[in-house]
Structure formats: C-alpha cells, structure tokens
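Peer 1: Every position in the sequence shown, counted from 1, becomes a number in this note's numbering once 225 is added.
Once you've had a glance at the structure underneath, I'll fire off some questions.
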Amino acid sequence: MTTCHQPPPEDPTIPTLCEYGQKEKDKEWDFDEIVRDILLPGKRFNKGRGDEETTTNYGDMTQEATFIFKFLVHNVWPKSHITTTPKVVTPLI
C-alpha cells in the first residue's frame, strides 16, 4: 500500500488522495479479504438489528489486529466502548 504523501497535482484545486483515501471514497474495500486478514478463523462481522452498524468483537481478531484496534480506539478513532469496532474502521486495521 502506498503512503498518503502524494506529489502536488497539476491543478491545485483538485485534491489528491492516497490509495487508502481513494478506496475509502470509492467504497472499494474487499471485506472478505479483511476478514481473512484480521479475524480469527471462523469469525465474521456481526450484523446489528435494524439499521445498527455491522461490527466485529475485538476478541474475534488476531493478536496483531487486536493491538492495532486498541491503538486506534484510544488514539485515532475514539469510541464510547472498546469491545467492538464498526465495519467501516476495519480497513484501517
């Protein structure tokens, strides 16, 4: 994955996005791949009731993903509770 440091665009009024930013904008995440990379075998995202967000429990994550998750919720994307993470945050992990 490339870094978010991109050369300035020829037209400075057009913002440039790093690979992560472009994927986020285009909603191109392969969540099956994310599940394989950060969740323990046999674990999946949990669908909430009604319009609630889809989440995953940090106890269902690999040790490496749990470490990164805890860093994110304490320093980058604060949450009121730290036992689950929204599906939209998992690409960051």
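Note that beta-carbon positions come from the ideal geometry of N, C-alpha and C, so glycine has one too.
(1) With burial defined as no fewer than 16 other Cβ atoms inside 10 Å of the residue's Cβ, what is the status of D239: buried or exposed?
(2) Compute the Euclidean distance between the alpha carbons of V260 and P266, then round it to the nearest angstrom.
(3) Just the Cα atoms here: how many angstroms apart are K250 and D285?
(4) Residues in the same chain with beta-carbon distance under 6 Å from K312, minus the five sequence neighbours each way, listed in chain order, please.
(5) According to DSSP, is T172 helix, strand or coil?
(6) Report the rounded CA-to-CA distance for F294 versus Y283, giving the unit in angstroms.
(7) In the DSSP assignment, what are the bridge partners of T291?
Peer 2: Judging by the given coordinates:
(1) In the sequence on display, residue 239 carries Ile and not Asp. Counting Cβ neighbours within 10 Å, I239 comes out exposed, since fewer than 16 surround it.
(2) If I take the Cα positions, the gap works out to 9 Å.
(3) Rounded to whole angstroms, K250 to D285 spans 27 Å at the Cα level.
(4) Answer for K312: F270, T279, listed in chain order.
(5) Because the chain spans 226 through 318 in this model, residue 172 falls outside it and cannot be assessed.
(6) If I take the Cα positions, the gap works out to 7 Å.
(7) Answer by DSSP bridge pairing: none, since T291 is not bridged.
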